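Enquirer:
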Amino acid sequence: MLRKALERVLELPAVYDLNQFIGQPTVRRYTQLLVEEVPLSAETRVLDLGCGTGATRKLIPGHYTGIDINPDYVASAKRIRANGEFIAMDATKLSFPDASFDQVISVATTHHLDGEQLQAMALEALRVVRPGGAFHIIDAILPVNPRDRAKEMFFRMDRGRFPRKLEDLVATVSRAAGVARTRVLNGPMHDVAYLKVVRA
136 MLRKALERVL
146 ELPAVYDLNQ
156 FIGQPTVRRY
166 TQLLVEEVPL
176 SAETRVLDLG
186 CGTGATRKLI
196 PGHYTGIDIN
206 PDYVASAKRI
216 RANGEFIAMD
226 ATKLSFPDAS
236 FDQVISVATT
246 HHLDGEQLQA
256 MALEALRVVR
266 PGGAFHIIDA
276 ILPVNPRDRA
286 KEMFFRMDRG
296 RFPRKLEDLV
306 ATVSRAAGVA
316 RTRVLNGPMH
326 DVAYLKVVRA
């Protein structure tokens, strides 16, 4: 009951933004992986799955579309971010035509999805990405070092109910698509993984 009440509070856009501020060490790792791993230019059309209140928009130089299942996050993103398109939508059932985007990204979303949802999101992302593009997943993972109990306990307090080890994240995605590249950055609060996902 307490967990459900906390989850409801965390669904508020202002609380979401505060959580992002507190989690800056992890957010910096998300940013580093996005900038270093996703090919971006002023002409790139990017779809961001699970965009929250749209903070990732500032890292994308080209055309940006962000979707999130929480309409309050989307409304907040529309108010704050002048330069981008934000839509309330389920990442497992995208309404965009095939091959609509050059790259598809998802930052800090997979630990909120069960295995079937994650695989459905990967399939949808690959459906809407153009040939030559990819689906780029960036998310916190359970600590690489199994002795790092503090980081694991901290992550398990997150409202996302599906924290995974790197190998579990890769295995789950691989049931629906190909994983062409992985990378991990260790951090004081979370270890953060990058997966380049392509058609199998």
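Each residue of the sequence shown is one higher than the one before, counting from 136 in this note's numbering.
Idealized CB from N, CA, C, for every residue including glycine.
For clarity, every value in this text was computed on a predicted model and none was experimentally measured.
Inspect the beta-carbon positions of Phe270 and Val332 and report whether they are closer than 8 Å.
Expert: Here the question's residue 270 lines up with position 135 in the sequence shown. Here the question's residue 332 lines up with position 197 in the sequence shown. Result yes, Cβ atoms of Phe270 and Val332 sit closer than 8 Å.
Enquirer: Taking contact to mean at least 3 C-beta pairs separated by less than 8 Å, is the segment 237-246 in contact with the segment 204-216?
Expert: The segment 237-246 is not in contact with the segment 204-216.
Enquirer: Based on the DSSP output, what are the partners of Val319 in its beta bridges?
Expert: Working through the sequence shown from its first residue, we reach residue 319 at position 184. Paired residues: Ala328.
Enquirer: Once you ignore the five residues that flank Gly295 on each side, which residues in its own chain have a CB closer than 7 Å to its CB?
Expert: By one-based count along the sequence shown, residue 295 stands at place 160. Contacts found: His246 and His247.
Enquirer: Please report the Cβ distance between Ala260 and Leu184, rounded to the nearest whole angstrom; I am assuming they are in contact, meaning their Cβ atoms lie under 8 Å.
Expert: Position 125 of the sequence shown holds residue 260. Position 49 of the sequence shown holds residue 184. So it is a contact: roughly 6 Å between Cβ atoms.
Enquirer: From the DSSP output, in three-state form, read off Glu178 for me.
Expert: Numbered from 1 along the sequence shown, position 43 holds the residue referred to as residue 178. In this structure, Glu178 counts as coil in the three-state DSSP scheme.
Enquirer: With a threshold of 8 Å between beta carbons, is Val333 in contact with chain C?
Expert: Absent from the structure is chain C; it holds one protein chain and no more.
Enquirer: So, at 6 Å on beta carbons, what are the nonlocal neighbours of Arg234 in its own chain, with the 5 sequence-adjacent residues on each side left out?
Expert: Walking along the sequence shown from the start, residue 234 turns up at place 99. According to the sequence as given, residue 234 is Ala; it is not Arg. So the qualifying residues of the chain are Arg265.
Enquirer: From the DSSP secondary-structure annotation, give me the bridge partner or partners of Thr200.
Expert: Here residue 200 corresponds to residue number 65 of the sequence shown, with the count starting at 1. BP columns for Thr200 point to Leu182 and Glu220.
Enquirer: Tell me whether Asp274 is buried or exposed, calling it buried when 16 or more other Cβ atoms sit within 10 Å of its Cβ.
Expert: What you label residue 274 is simply residue 139 of the sequence shown in a count that begins at 1. Its Cβ being crowded by 16 or more others within 10 Å, Asp274 is buried.
Enquirer: Where does Arg313 fall in DSSP's three states?
Expert: The residue given as residue 313 occupies position 178 in the sequence shown. For clarity, residue 313 is Gly in the given sequence; the question names Arg instead. Of the three classes helix, strand and coil, the one that applies to Gly313 here is strand, per DSSP.
Enquirer: Going by DSSP in three states, Ser336 sits in which element: helix, strand or coil?
Expert: Here the chain covers residues 136 to 335 and nothing more, so residue 336 does not appear.
Enquirer: To the nearest angstrom, how far is the alpha carbon of Gln254 from that of Arg214?
Expert: Here residue 254 corresponds to residue number 119 of the sequence shown, with the count starting at 1. Here residue 214 corresponds to residue number 79 of the sequence shown, with the count starting at 1. Near 31 Å, if we compare the C-alpha coordinates of Arg214 and Gln254.
Enquirer: In angstroms, rounded to a whole number, what distance separates the CA positions of Gly267 and Gln167?
Expert: Walking along the sequence shown from the start, residue 267 turns up at place 132. Walking along the sequence shown from the start, residue 167 turns up at place 32. Their backbone Cα atoms lie some 22 Å apart in a straight line.
Enquirer: Using 8 Å as the threshold, is the C-beta distance between Tyr329 and Glu172 below it?
Expert: Here residue 329 refers to the residue found at position 194 when the sequence shown is read from its first residue. Here residue 172 refers to the residue found at position 37 when the sequence shown is read from its first residue. Closer than 8 Å, so yes.
Enquirer: Pick out whichever of Val319, Cys186, Val263 and Gly219 has its Cα sitting closest to the Cα of Gly197.
Expert: Start at 1 with the first residue of the sequence shown, and residue 197 comes out as number 62. It is Gly219.
Enquirer: Could you check the C-alpha separation between Arg310 and Asp249 for me, to the nearest Å?
Expert: What you label residue 310 is simply residue 175 of the sequence shown in a count that begins at 1. What you label residue 249 is simply residue 114 of the sequence shown in a count that begins at 1. If you take the alpha carbons of Arg310 and Asp249, they lie about 13 Å apart.
Enquirer: Extract the residue ranges of the alpha helix (DSSP H) inside the segment 245-275, only unbroken runs of 4 or more that lie entirely within it.
Expert: Those alpha helix (DSSP H) runs which fall completely within the segment 245-275 and span 4+ residues are 250-263.
Enquirer: Give the DSSP-derived three-state secondary structure of Ile195 in the structure shown.
Expert: Locating residue 195 in the sequence shown gives position 60, where the first residue counts as 1. Residue state, collapsed to three classes: coil.
Enquirer: Spatial neighbours of Leu258 within its chain, please: C-beta separation below 6 Å, excluding the five flanking residues on both sides.
Expert: In the sequence shown, the residue the question calls residue 258 occupies position 123. Same-chain partners within the cutoff: Ala311.
Enquirer: Below 6 Å CB to CB, which residues in the same chain sit around Thr191 once its five sequence neighbours on both sides are set aside?
Expert: Counting from one through the sequence shown, the residue named residue 191 turns up at place 56. Hits under 6 Å: Asp183 and Val242.
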